[in-house]
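Asks: In my numbering, the protein residues as written are 729 to 1434.
Sharing a structure, written as structure tokens. Questions coming.
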């Protein structure tokens, strides 16, 4: 019987011939490593926690990213933002939500829109500039999660300044290739337009997520804190519970951020190669390339750096090529060279006036319908309905500013009430520093007393609120480490005056104070700990600058607290004196045999003058460091003290007058005692009540014993 030979298979191109020995094949498979490549979209979807899109935070992060993009789009061309955002239930049984966001920003041109919405790591924000977005991931994550969990298309409307008509897209994200899938594209004329105003952007997505109560509160907090730090924005927020409108409280916008050249101290090989390739093919020498590509680097300084790197260059020969070894020498020289600090004029801080407006008008969302609320405008108390959306009166500085035509989109009735805080004191300070070779501005604000009854820490970075991971943030470390004695108050006094539970030993001292602390950090590169942008790391001298700001605010606040402590001490002493004053006056008048009215008046004046002098020892400097505000000026605790009256002279004069009257009356009574000795015994049994009749010597003591 013939043995059957195994069939020989034809090898395809690229395949290897299998080994003849089976044992050898097992060894090869054992040590074989397979390499594969992931698309950017697939990587971020699989590792969504890096961008903050975890299970319970998906809706919060989606709302946050859309609002940030809307604000950036408006501020690019100094457009007063008008944003309408809606989060409603689509299918409660399947946890489906419809998220809709519309703004009046610059919009996106139709040829770039699909890539801008669906392709990861594609953004117009990859530049050296202060902006809210940083990684080009937020909007793409929203689109990718909608594609991954639902079969609904992503609907986008855009009216760009570059195009006349509005464009409409229905998109999906190809997660495997990081490319957009265009399901529908069409141009919409004015009759079909969905966007009000000359330009804007609108997106509607369906997301699958669970909305827990804590997440819902975080979304509310994010919208309210966004209104605090951006009081020039008009925001309409719509949910299943109703609609709430955050009015624009000022028309003043911060100076727009500008793109800036990198600092030479932050130079690396990749940055230098990128700068050289930008001018490839042009007749520009290496010193000029360095001068054009980096700030604070003059032409003479660039030539000096190249000479110190022992490199030959000819200013006339622009075709000289440098190896990576040569370029790394230039980088090392720049690392050791001391340059001027980078510019800060390209940054866009909030500013004293805008932050003070935000601190003075914090919103609190309360789920009650048609509640009348109070707001203060020009030192007058006006009652307004929360469902009315009207422009507040501008400050005096605002009246001289030309009015900007803006379009508010989506004005609806509000089913929430608004609480506008009126603190007793507000203060502001700022510091400018260099963190990781990048200019950074640290702004700090403080609001104390009034409607504020508890401690709260507000954290902002590039005008966006940070709500999660507070415990690991550098701001929390600063608040914990700055000592309470900066306020001029001991821990015991702080707990006695402000703590609701005075026996609790767990309360941190700064947490019992009725203050709100605001930290805002603006820079071209914020040192976030994660891509989710929820907490800031302590890098360089950042903590030092923040401590310096907070210490200065504590010193300003100490004046107000010392004043309140003195007044409280004076009130307590006044109560004590008033309690014992009748007994003292009664004993003295009975021993002298005079009326108690004049002596009572003299003692009352003496006590009042003494306590007034004690309570006026406070150093009445200007406590409020914010811009002049009529509401603050009317607050009694903020009134500035004039030079104290010389109470010593006043007290001596008043007491001497009363004492002289008492002496005269005593002499008169003594004379009458000599002529009316028979009437002594009749009055010996009288009580301690003061009488006009003269008394026998020692009668008071006899009556006391009786």
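In this text, a Cβ means the ideal position worked out from N, Cα and C, and glycines have one as well.
Apply the 10 Å Cβ neighbour rule to residue 875 and answer buried if 16 or more other Cβ atoms are within range, or exposed otherwise.
Replies: Residue 875 comes out buried.
Asks: Could you tell me the alpha carbon to alpha carbon distance between residue 937 and residue 1020, rounded to whole angstroms?
Replies: Their Cα atoms are separated by approximately 49 angstroms.
Asks: If you reduce the DSSP assignment to three classes, tell me which class residue 824 lands in.
Replies: Residue state, collapsed to three classes: strand.
Asks: Is residue 677 helix, strand or coil when you go by DSSP?
Replies: The first residue shown for the chain is 729 and the last is 1434, placing residue 677 beyond what the model contains.
Asks: Alpha carbon to alpha carbon, what distance is there between residue 870 and residue 678?
Replies: Given a span of 729 to 1434 for the chain in the structure shown, any question on residue 678 remains unanswerable.
Asks: Between which residues of its own chain and residue 731 is the CB-CB distance below 7 angstroms, once the five residues before and five after are set aside?
Replies: Any reading at residue 731 is ruled out, since the residue's pLDDT is 49, under 50, leaving its predicted position unreliable.
Asks: Quick one: using the 10 Å Cβ neighbour count with 16 as the cut-off for buried, is residue 805 buried or exposed?
Replies: Exposed, since its Cβ has fewer than 16 Cβ neighbours within 10 Å.
Asks: Going by DSSP, what residue range makes up the alpha helix (DSSP H) through residue 1059?
Replies: Counting along the chain, the alpha helix (DSSP H) containing residue 1059 begins and ends at 1052-1064.
Asks: By the 10 Å Cβ neighbour count, where 16 or more other Cβ atoms means buried, how is residue 1053 classified, buried or exposed?
Replies: Classification for residue 1053: exposed.
Asks: Does DSSP put residue 1154 in a helix, in a strand, or in coil?
Replies: Residue 1154 falls in the strand class under three-state DSSP.
Asks: By Cβ distance below 8 angstroms, which residues in the same chain neighbour residue 858 in space, the five residues on each side in sequence not counted?
Replies: Around residue 858: 985, 1074, 1075, 1076, 1190, 1250, 1251 and 1252.
Asks: Based on the DSSP output, what are the partners of residue 1074 in its beta bridges?
Replies: DSSP output for residue 1074 lists no bridge partner at all.
Asks: Helix, strand or coil for residue 1209, going by three-state DSSP, please let me know.
Replies: Helix.
Asks: Using three-state DSSP, classify residue 1288 as helix, strand or coil.
Replies: Reduced to three states, the DSSP call for residue 1288 is helix.
Asks: Can you name the residues that DSSP bridges to residue 972?
Replies: Residue 972 pairs with 965.
Asks: According to DSSP, simplified to helix, strand and coil, what is residue 899?
Replies: Residue state, collapsed to three classes: strand.
Asks: On the premise that residue 1070 lies in contact with residue 1167, defined as a C-beta separation below 8 angstroms, what is that separation, rounded to the nearest angstrom?
Replies: With 8 angstroms as the limit, residue 1167 and residue 1070 qualify as a contact, their Cβ atoms being about 4 angstroms apart.
Asks: Taking the straight line between their C-alpha atoms, what separation do you get for residue 801 and residue 1205?
Replies: Rounded to the nearest angstrom, the two C-alpha atoms are 33 angstroms apart.
Asks: Suppose the cutoff is 7 angstroms on Cβ atoms and the five residues either side in sequence are ignored; what does the same chain contact list for residue 1072 look like?
Replies: So the list reads 1160, 1167 and 1169, once near-sequence residues are dropped.
Asks: Is it true that the CB of residue 946 sits closer than 7 angstroms to the CB of residue 1195?
Replies: Cβ distance < 7 angstroms, so residue 1195 and residue 946 count as in contact.
Asks: CA-CA distance, residue 1280 and residue 1265?
Replies: When rounded, the distance between both Cα atoms is 22 angstroms.
Asks: Leaving out five residues before and five after residue 773 in sequence, what residues of the same chain have Cβ atoms less than 7 angstroms from its Cβ?
Replies: Cβ within range, chain order: 872, 876 and 903.
Asks: With DSSP as the reference, identify every bridge partner of residue 1250, one or two as the case may be.
Replies: Its beta-bridge partners are 1169.
Asks: In whole angstroms, give me the CA-to-CA distance for residue 1275 and residue 878.
Replies: Residue 1275 and residue 878: Cα-Cα distance of roughly 48 angstroms.
Asks: Assign residue 1304 to buried or exposed, taking buried as 16 or more other Cβ atoms, counted over all protein chains shown, within 10 Å of its Cβ.
Replies: Residue 1304 comes out exposed.
Asks: List the residues that DSSP assigns as beta-bridge partners of residue 1013.
Replies: DSSP output for residue 1013 lists no bridge partner at all.
Asks: For residue 966, I'd like the list of residues in its chain whose CB is within less than 6 angstroms of its CB, leaving aside the five on either flank, ordered along the chain.
Replies: Excluding positions up to five away in sequence, the list reads 814.
Asks: Hey, out of 1283, 1312, 1313 and 1335, whose CA is closest to residue 1300's CA?
Replies: It is 1335.
Asks: Check for me: the alpha helix (DSSP H) holding residue 1033 runs from which residue to which?
Replies: Here the alpha helix (DSSP H) through residue 1033 covers 1027-1036.
Asks: Per DSSP, which one or two residues make a beta bridge with residue 792?
Replies: Answer is none; residue 792 lacks a bridge partner.
Asks: Name the residue from 824, 975 and 924 whose alpha carbon lies nearest to the alpha carbon of residue 939.
Replies: The shortest C-alpha separation from residue 939 is found at 824.
Asks: According to the neighbour-count rule (16 or more other Cβ atoms, all chains shown, within 10 Å of its Cβ), is residue 1182 buried or exposed?
Replies: It counts as exposed.
Asks: Quick check on residue 957: does DSSP put it in helix, strand or coil?
Replies: DSSP places residue 957 in helix when its eight states are reduced to three.
Asks: Can you tell which of 1313, 1248, 1258 and 1180 has the C-alpha that lies nearest to the C-alpha of residue 1240?
Replies: It is 1180 whose Cα lies nearest to the Cα of residue 1240.
Asks: Going by CA-CA distance only, name the one from 927, 909, 900 and 895 that's closest to residue 916.
Replies: Of the candidates 927, 909, 900 and 895, the one whose C-alpha sits nearest the C-alpha of residue 916 is 895.
Asks: Is residue 1259 helix, strand or coil by DSSP?
Replies: Coil, per DSSP.
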